[in-house]
Structures are given as C-alpha cells and as structure tokens.
Amino acid sequence: VQAYVAAVQPGPVVTLDVDAHLVASDKQSALPTYEGFRGYQPLLVQWAETSLVLADEFRDGNVPAGTRIRELVDEAVASLPAPTSGTAAAWQIQVRSDSAAYEQATLDHWDAQGWRFAVSADMSPHLRAAIQALPPDAWQFWAAEAKGAVREWAEVVYVPSRATEKKTSAPFRYLAIRVRSAQGVLFGDGATVKLFAVVTNDWTTGGQALLEWQRGKAGTIEPSHRVLKDELAAGVYPSDKFGANAAWLRLQVLTANLLELLKATALDPSYRHARPKRLRFAIFTQFGRVVRHARHQCMRLTTRAWAMLIGPGLRRVHACPWPAAWLAARRRAAPRAPPASRSPVARRPGPPLPDHAAALPAPRQTDPRIGVPTVPLTGVHEPTTIAAERIKA
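In structure tokens form, the structure reads like this:
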C-alpha cells in the first residue's frame, strides 16, 4: 500500500467498501453459513479508488456478518500511509456497506471520527411503518428497470430508539427506496412493492446522488470477490486448520494488491483494468520457457523479449520507493549467483536486434536497493538464462 501511494499518488478521497463473501467447502471444520451450505465467510475492506484490499479477516461460515466490522475498518484506516504533499493534508475517509454494518455503536463511531458513511438499514417494523406512511408526492422518480419495474426514492423522518441518548448527538438521515413492479407482475415473494432504506450522516448531498454512490459499492468490491475466488485461489482453501486457511487468504490478497501495483506502475495503460486471467495470457506466459536441469528450475528467454517487454516495466517497478525494512530484508535474502561452470544453458549467437530495441540504454547489472541482478540489454539476439528462485517440485 505504501509503495502504491508513493508511486501513483492517488487523490485524498479514500472510499472504504466493506463486504463479506461466502466460500463453499466440504471440509470437516467448515460450518454452516446463512445460505444453508457449509463453508467460510471472509470479510474484506477495499479502497475503492485504487482496488487495494486494506484489511481482511478469515472467518467461519456461522459468524454473523456484522461481527468486528468496526475494528476491521479501523485497521484499514491505520494501514494507510501518512499523507504527503502529493496527496493531501489528511485522508478523507468515507465508508459504504450493506446492512451488516447497521449497528448503532458502529455508526456512532464512524460519525465521531468525522467519516462520511452510507449503510443499508435493516427494515424494522417501525421503519417500514414510517416509510409506508409517506404521502404519494414525497416519492421521486429514480429509474425504470429493464423488466418494467420503477425505482423511486424519498426522504423519511425516522429516529431509532436507543437505550441512552446524548444531548449533542445529531440524528442520522434516512432515505427510503421503493421498487414497484410492472402492472400485473409480482415479485418472487408475491408482493408488488419492495422497500429498502439507507442511513447516512451526509445531509448535504442530494438524495438520488447519495443513493447511487452507496449502491456503487457493487461495482468495486464485488468484482474483487470474483477475482479472488475465481481467478486467484481464494475460492478453495487447502487445509482443515483455521490458521492455515487465514494465511492462504492473506496470500491471495497480497497477490491481488501486487497485481494492482504492477498494472499501475509497470504495464501499459491498456492493462490498467485487466483481470489476472488476461494478464496471465498476455504477459506472464509469453516471454519464456521453464527449464528444469540439474535440480534447478530456471526460465529461459531471449534478450530481445527482455529489452522490448520486460526491461522498461521492471525499471519502473525498481524506481518505486519500497519500505526500508523490506529492502534490507530483500538484500539479506538475495540468492548468490551460481558458478559460471554450472550454467545449464550455453549461449549461442543469433540474428541482430532491431534498431529500436538495440538503442535502449543498458540498465545497471545490480540494483543497489534490492540486490536483484538485471539482464544486460545487448545488441545480439541470444538466449540467456534468468536465474529464478527455486520452486519446490
């Protein structure tokens, strides 16, 4: 996260989307979810403007959806680096969530922190009665859906009951949503009208604009759930132990964040919104061949591919201001170069490179910040072996 903020310098607005997803599992330790099947229910907090996951928590399937949301959002805010001159004097935090975060203590905490929030409200009998009592002229047209249903919204005066109340506490704003089915058509539950509500501490933004902003959560964190589950490995957990599965989820989140950093700093802008599947076929599997020899696993590729495709992006990644502690650990863990006599691939001459590739400046042999050897960009098309870290067979 710190490297991303330093390299990309996003704006001061930090929209935190809070949501959990279900993962079905037949493991003995998996517990029943609210959908009826056995599995797990991880909770994520995502920075919507950057698609970075700032906090994650692996949870059993029977854990209530609203458990520890306030603590996890606090952890996400604490993970943000200190604002710099390129960002702002302070981060502008705003939170979006479904009804899992509809808890008075959580909303009061966010309001006390000065954070803007918009959360789906539970449809209690008192709130439903207040919405149904609205006059017809209070409803404003929002949108017409494809199947003929009409979506409307209205301001509703509602103050939930509390055990205690402070004199200085300000009431929250409630917005009602009404979805009317087309004439002669019923919803799945047999009703002709569906009612929803959203609670917020924002009294200045227009009602429709605020609802569209709150509903925009579905276009940010939901695709991240899909990427983690279907294109990375967060859809299948490898162990029956809770701690091992929690570490597995953290690995997938780190992978997703590194891919976001790679797309923002090293790759062409056309790959900015590419998913891992596209990157796998367009970037990761096109530049070389894995060679196994003498109990070593290496990647064999040509200097031409390195010069034209990998070199510029790698230099931009090296230019990112990585944290000092990570750089020191990387220098200590950098593998030593193998002896020249044990090189598994012999060099063979080839045709010359094109002029535009040969004209690229040669990078340093070793980057002093992270200790990773780089490949010289020569003017001869010759195969070379990039020593990779050993991978267990």
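So in this note's numbering the end of the sequence shown lands on 450, straight run, no missing numbers. Beta carbons: idealized from backbone N, C-alpha and C, even for Gly.
Query, Result
"Three-state secondary structure (DSSP) of GLY276", "helix"
"Which listed residue (LEU319, PHE174, VAL348, HIS353) has its alpha carbon closest to that of ARG337", "LEU319"
"Test item: CB-CB of ASP259 and ARG173 under 7 Å", "yes"
"SER177, DSSP secondary structure in three states", "strand"
"Three-state secondary structure assigned by DSSP to ALA133", "helix"
"Presumed contact (8 Å Cβ cut-off) between ALA233 and ILE188, rounded CB distance", "5 Å"
"Cβ-Cβ separation, GLN265 to TRP196 (assumed contact under 8 Å), whole Å", "12 Å between Cβ atoms; not a contact."
"Beta-bridge pairing of GLN354 - partner residues as DSSP gives them", "ARG349"
"Alpha carbon of SER136 to alpha carbon of GLY205, nearest angstrom", "45 Å"
"Buried versus exposed, by CB contacts within 10 Å (16 or more), ARG230", "buried"
"Continuous beta strand (DSSP E) stretch holding GLU317: start and end", "GLU317 -> not in any beta strand (DSSP E); alpha helix (DSSP H) instead, spanning 299-322."
"C-alpha distance - PRO69 paired with PRO140, whole-angstrom precision", "8 Å"
"Own chain residues within Cβ distance below 8 Å of GLN161, not counting five before or after", "PRO217, ARG219"
"CA-to-CA distance, THR261 to LYS274, given in whole angstroms", "20 Å"
"Bridge-paired residues (DSSP) for GLN149", "VAL70"
"Buried or exposed by the 16-neighbour rule on C-beta atoms within 10 Å, applied to SER82", "buried"
"Check whether HIS166 and ARG127 have beta carbons under 7 Å apart", "yes"
"Euclidean distance between Cα positions of MET365 and THR342", "15 Å"
"N-terminal and C-terminal residue of the beta strand (DSSP E) that LEU101 is part of", "100-104"
"Range of the contiguous beta strand (DSSP E) that encloses GLN197", "197-201"
"Same chain, Cβ closer than 6 Å to PRO378, five either side skipped, listed in chain order", "ALA63"
"LEU111 (DSSP reduced to helix, strand or coil)", "strand"
"Close-in-space but distant-in-sequence residues of the same chain around VAL102 (CB under 8 Å, 5 per side omitted)", "LEU73, ASP74, VAL75, VAL110, LEU111, ALA112, ASP113, LEU129, VAL130, GLU132, ALA133"
"Per-residue DSSP class, three states only, for THR257", "strand"
"Straight-line gap, PRO99 to VAL120 (C-alpha atoms, nearest Å)", "10 Å"
"6 Å CB neighbourhood of SER156 in its chain, flanking five on each side removed", "SER177, ASP179"
"Span separating the alpha-carbon of GLY356 from that of VAL71", "Checking the sequence, you will find Met at residue 356 rather than Gly. The alpha-carbon atoms of MET356 and VAL71 are separated by roughly 40 Å."
"Residue span of the beta strand (DSSP E) that contains TRP379, given as start and end", "Note, TRP379: premise wrong, no beta strand (DSSP E); not H, not E."
"Limits of the unbroken alpha helix (DSSP H) element including ILE234", "Looking at the DSSP string, ILE234 is not in any alpha helix (DSSP H); the run it does join, the beta strand (DSSP E), is 230-237."
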